[in-house]
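Taken in order, the sequence shown gives residues 201 to 695; the numbers are from my numbering.
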Amino acid sequence: MDKNFPHLDLKQTQSQQLMMTPQLQQAIQLLQMNNLDLSAFIEGELEKNPLLEKDEGPAEEGMDLDIDAREDVRDAAAQDDDGMAQNYDETWDKDASADQDHSGPSSHISGSGGSSSFDFSDYNFEDHMSSDKSLREHLTEQLMIACSEPRDRVIGGLLIDHLSESGYLRTAPDDLAQQLGCSLDRIERLLTVMKGFDPTGIFAQDLQECLALQLDEKGALDDPMRALLDNLALLGAHDYTKLCAVCGVNETYLHDMIAELRMLNPKPATLFDHVVAQTAVPDVFMRRRPKNVGGGWRVELNSDTLPRVLVNQEYYTVVSEGAVRKEDKAYLSSQMSAASWLVRALDQRAQTILKTAAAIIEEQEAFFNYGIEFLRPLTLKDIAETIEMHESTVSRVTSGKYIGTPRGIYELKFFFSTALVSESGAAHSSESIKARIKTLIDDEDPKKILSDDKIVALLKDEGIDLARRTVAKYREGMNIGSSVERRRQKKNLIV
201 MDKNFPHLDL KQTQSQQLMM TPQLQQAIQL LQMNNLDLSA FIEGELEKNP
251 LLEKDEGPAE EGMDLDIDAR EDVRDAAAQD DDGMAQNYDE TWDKDASADQ
301 DHSGPSSHIS GSGGSSSFDF SDYNFEDHMS SDKSLREHLT EQLMIACSEP
351 RDRVIGGLLI DHLSESGYLR TAPDDLAQQL GCSLDRIERL LTVMKGFDPT
401 GIFAQDLQEC LALQLDEKGA LDDPMRALLD NLALLGAHDY TKLCAVCGVN
451 ETYLHDMIAE LRMLNPKPAT LFDHVVAQTA VPDVFMRRRP KNVGGGWRVE
501 LNSDTLPRVL VNQEYYTVVS EGAVRKEDKA YLSSQMSAAS WLVRALDQRA
551 QTILKTAAAI IEEQEAFFNY GIEFLRPLTL KDIAETIEMH ESTVSRVTSG
601 KYIGTPRGIY ELKFFFSTAL VSESGAAHSS ESIKARIKTL IDDEDPKKIL
651 SDDKIVALLK DEGIDLARRT VAKYREGMNI GSSVERRRQK KNLIV
């Protein structure tokens with residue numbers, strides 16, 4: 201053989217590669233949807249599959265979970281030997297590196313063949329999303345720019361959730377402070393910032409303030425106009441003579457002022473074509489259990505936004521007995537497999553969300569009891585180990601899904617934060633430490649301003665060991681001045 205001639209050889213090798221079945225792809229897509237998206241998808245399936253019907257009866261057992269101790273969640277995880285749950289994790293193992301950011305009445309459960317799949321090709325997520333930017337999105341973008349401190353962003357998101365359809369803040373700031381477990385001063389300072397957001401007049405607490413914000417932006421909020429706003433009742437009564445006297449202007453000038461008012465928008469949220477700031481709809485609720493039944497918490501799915509489906513086994517039996525053609529029998533078999541699979545997949549989704557939410561509630565119980573300063577450090581891995589699933593599964597379960605709590609509505613992702621460890625080995629959330637530093641400074645005696653070294657000492661007494669430069673970094677990150685600057689500012693306030 202010529203040594204210069206290339207040698208060709210054939211070899212046979214074996215390799216293992218995870219293949220994602222159509223069924224598993226569908227189950228994963230269901231897991232990623234929030235309740236509203238899932239509801240829209242289910243409505244489509246009900247129209248396409250004659251063997252599916254909506255379950256209008258009371259919620260089945262298993263759609264909630266009581267939390268007494270951590271063992272409850274671990275037991276639930278241990279009891280779940282469903283193959284679908286295992287397949288979730290096998291799939292997440294495959295794509296984890298690319299995604300680190302983020303039983304029915306039927307007795308017929310399909311196998312793993314492709315015939316049981318239901319079609320996602322007709323379901324367009326974009327059809328269920330507004331083509332225009334919502335007011336919530338518009339305000340959230342401004343919040344991210346205006347506030348760098350994570351807790352201010354959390355509180356700001358809560359303020360957005362408490363806007364009325366007209367754009368007014370419908371909950372009193374002191375009630376919000378109590379709900380969140382933070383100071384009223386912090387709420388009011390953040391509100392001052394957010395009242396400067398577009399559209400002007402947003403976050404006002406009444407009509408008078410809404411109009412004042414818009415006039416102030418236009419440079420038209422002078423003393424006569426302030427007097428007019430203070431006496432809107434007289435304007436409604438058309439008592440122009442008295443208004444002229446109150447405002448200190450003649451009738452011609454008064455009519456010019458009224459014309460200026462009529463150019464303002466008393467409902468700033470309507471600028472968004474009725475796409476107003478809507479309160480996030482919880483996918484899950486947590487409720488406190490009575491002490492006479494052991495106390496603790498109960499976590500349950502929001503059944504109001506999640507239609508339940510079942511397989512109409514009786515209808516299938518009647519129709520299949522009358523089917524003669526081979527094509528009809530094949531169609532019925534395919535629809536039965538798809539319907540059975542959907543019921544099974546929905547149940548698995550529900551159990552996964554419940555277990556994840558329950559584990560988070562256990563870890564963050566101090567936050568729910570005492571407020572935002574008690575938010576604990578928590579990672580996806582912590583929850584994944586508790587419920588015995590892959591952390592990528594936890595990431596997808598918690599993204600875009602909200603929980604209704606006694607302290608407001610939060611995305612499940614909110615409860616994950618980084619940690620610092622003190623000398624004693626106790627872990628503290630970096631966000632809770634920042635909040636504690638902020639509280640110490642807010643409460644300091646104007647005559648005894650706290651230095652960074654003094655803050656270090658106070659935190660150390662509480663079991664939190666930080667370097668002075670770390671305290672300074674956190675303080676500066678919250679736009680809080682040095683002790684010298686604060687002493688000067690508070691001295692001026694006293695004077």
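C-beta: ideal position from N, C-alpha, C; glycine also.
- Selection Ala566, Thr579 and Pro606 evaluated against Val484 yields Pro606 as nearest (Cα-Cα).
- Nearest to Leu532 by C-alpha distance, out of Ser520, Ala667 and Glu563, is Ser520.
- Distances from the CA of Thr371 to each of Ala437, Leu666, Gly608 and Phe472 were compared; the closest alpha carbon is that of Gly608.
- Here Glu460 has Ala420 as same chain residues with Cβ atoms under 7 angstroms from its own Cβ, once five neighbours each way along the sequence are excluded.
- Exclusion of the five residues before and after Leu390 leaves Cys347, Asp352, Ile355, Gly356 and Leu359 as the residues of its chain whose Cβ lies within less than 8 angstroms of its Cβ.
- The three-state reading of DSSP puts Phe241 in helix, counting H, G and I together.
- Taking every protein chain shown into account, the CB of Gly571 has 16 or more other CB atoms within 10 angstroms, so this residue is buried.
- Non-local beta-carbon contacts of Asn234 in its own chain, meaning distances under 6 angstroms to residues more than five positions away in sequence, involve Asp483, Gly600 and Lys601 in chain order.
- In this structure, the CA atom of Ala672 is about 39 angstroms from the CA atom of Ala469.
- Exclusion of the five residues before and after Arg687 leaves Ile649 as the residues of its chain whose Cβ lies within less than 6 angstroms of its Cβ.
- Between the C-alpha atoms of Ile655 and Ala559 there is a straight-line separation of about 34 angstroms.
- Note: Tyr602 is bridge-paired with Glu611 in the DSSP secondary-structure output.
- Here Asp653 has Arg668 as same chain residues with Cβ atoms under 7 angstroms from its own Cβ, once five neighbours each way along the sequence are excluded.
- Residue pairing of Met486 in beta bridges, as defined by DSSP: Val499.
- Cβ neighbours of Pro507 within its own chain (closer than 7 angstroms, five residues either side excluded): Ser239, Ile242 and Lys254.
- Less than 8 angstroms divides the Cβ of Arg675 from the Cβ of Ile637.
- In the DSSP secondary-structure assignment, Asp266 is bridged to Arg498.
- Contact check for Pro466 and Leu411: beta-carbon distance about 7 angstroms, within the 8 angstroms limit, so the pair qualifies.
- Annotation: the continuous alpha helix (DSSP H) that includes Arg636 extends over Ser630 to Asp642.
- If one requires a minimum length of 3 residues, the beta strand (DSSP E) runs lying completely within the segment 499-545 are 508-511, in chain order.
- Shown here for Leu640: same chain residues with a beta carbon closer than 7 angstroms to its own, the five before and five after excluded, namely Leu650, Ile655 and Leu658 in chain order.
- For Glu253, the enclosing beta strand (DSSP E) begins and ends at Leu252 to Asp255.
- In terms of CA proximity to Val499, Ile603 leads the group Val493, Glu611, Asp582 and Ile603.
- Excluding the 5 residues flanking it on each side, Tyr515 has same chain C-beta neighbours closer than 7 angstroms at Leu251, in chain order.
- Under the three-state reduction of DSSP output, Lys418 falls in the coil class, being neither helix nor strand.
- Taking all protein chains shown into account, Gln225 has fewer than 16 neighbouring C-beta atoms within 10 Å of its C-beta and is therefore exposed.
- In the DSSP assignment, Ala480 falls outside any alpha helix (DSSP H), carrying neither H nor E.
- Lys648 carries a strand assignment under DSSP once its states are collapsed to helix, strand and coil.
- Shown here for Leu432: same chain residues with a beta carbon closer than 8 angstroms to its own, the five before and five after excluded, namely Leu407 and Gln408 in chain order.
- Residue pairing from DSSP places Leu363 in a beta bridge opposite Leu369.
- Each of Ile228, Leu246 and Asp643 was checked against the Cα of Asn512, and the nearest Cα belongs to Leu246.
- For the set Gln405, Leu666 and Glu644, the Cα lying nearest the Cα of Lys691 is the one of Glu644.
- If you check the CB distance, Asp266 and Arg489 come in under 8 angstroms.
- The continuous alpha helix (DSSP H) containing Cys447 extends over residues Tyr440 to Cys447.
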